[in-house]
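Numbering follows the working numbering, with no gaps: position 11 of the sequence shown is 696.
For every residue, glycine included, the Cβ atom is placed at its ideal position computed from N, Cα and C.
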Amino acid sequence: MNPAVRRFPGAVPLTEAALATVTQVAREAMAARGRFALALSGGSSPLPLYAAMARQGFGAPPGATLFFFGDERIVPVGDRRSNFGTISPILFTPTPIPVGNIHPMPVEVRPATLAAETYEAEVREALGGTPDAPPRFDLILLGMGPDGHTASLFPGSPALGETKRLVVAVPPPTTVEPRVPRLTFTLPLLNAARHVLFLAGAKGKEAALERALADTPDPAVPASLVRPADGELEWLIGEG
Ligand code: 6PG
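See the structure below:
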């Protein structure tokens, strides 16, 4: 399906629009299933959204929301490069969330392949699904790097060809910082989502954006491979 694309002059209107989408999707999930399964994105673009969610609420009670991570850098939680460590004080600390509803990726588990298997099992246990049908997040938030990567799916990565596993370990990227090993959702899990919301600033990403939004998916731009089979795909782009 073709994405719904909206462009904004700056971070404030983009954050308002992102919060409106999260709120609408969360309300629909609560009405349909009585819970909201959300996967958070790393990177800097969604941080104002997380602050707004903590400040204003987001359409589902925190106690009925499951917070997962679409990718993580394999560094200690206290490291400034940790997605969980970065997001936690902005979204989790100010929000009364039962600790069992927060699902950080298990970066302490070694080897990383076992960490990926462990997280996949955690996703399956929380969301259900069958071995043949990946579980469906209500909403997956994503960003995109200037090289076209999304989550930690990088151009040329064998992880792009994954058809069965839902979470995999990948080596450090060579195209962007931080160059540390990662854990990431795979395309089968991303594309099973009910709604995928990309947040991206256009600056420095113009070429990748054009290819990500083109009709024909391009493996050189992994973000273009995210096309939910039976869900909504939305891009909010900051031009400021
Ligand atoms: C990560 C990500 C990654 C991120 C993009 C965009 O952990 O690095 O989840 O895919 O979303 O690199 O990052 P910015 O929003 O900082 O540009």
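Within the same chain, Cβ atoms closer than 7 Å to the Cβ of P694 are found at E924 and G925, the five residues on either side in sequence being excluded. Contact between the stretch 767-777 and the stretch 799-814 is absent, with fewer than three C-beta pairs closer than 8 Å. Under the Cβ criterion (8 Å, minimum of three pairs), the stretch 713-730 counts as touching the stretch 872-892. Distance check between P796 and each of P856, P698, R712 and T871 places P856 closest, using alpha-carbon atoms only. If one requires a minimum length of 3 residues, no beta strand (DSSP E) run lies completely within the stretch 761-792. Counting C-beta atoms within 10 angstroms of its own C-beta, K849 has fewer than 16 neighbours from the protein chains shown and is therefore classed as exposed. No heavy atom of the ligand 6PG is found nearer than 6 Å to the CB of D832. Judged by the Cβ position, T771 fails to qualify as a neighbour of the ligand 6PG at the 6 Å threshold, every heavy atom of the ligand being at least this far. In this structure, G744 sits away from T700, with a CB-CB distance that is not shorter than 7 Å. In summary, E810 is exposed, with fewer than 16 beta-carbon neighbours lying within 10 Å of its beta-carbon over all protein chains present.
Taking a cut-off of 8 Å on C-beta distances, the stretch 705-724 does not touch the stretch 902-911, as fewer than three cross pairs fall below it. Listed in chain order, the non-local C-beta contacts of I782 below 6 Å within the same chain comprise P747, local neighbours out to five positions each way being set aside.
In this structure, the alpha-carbon of T871 lies about 22 Å from that of P761.
When C-alpha distances from A897 are compared across P698, P831 and L824, the shortest belongs to P831.
Taken through DSSP and simplified to helix, strand or coil, L826 comes out as strand. Per DSSP, L699 has no beta bridge partner at all.
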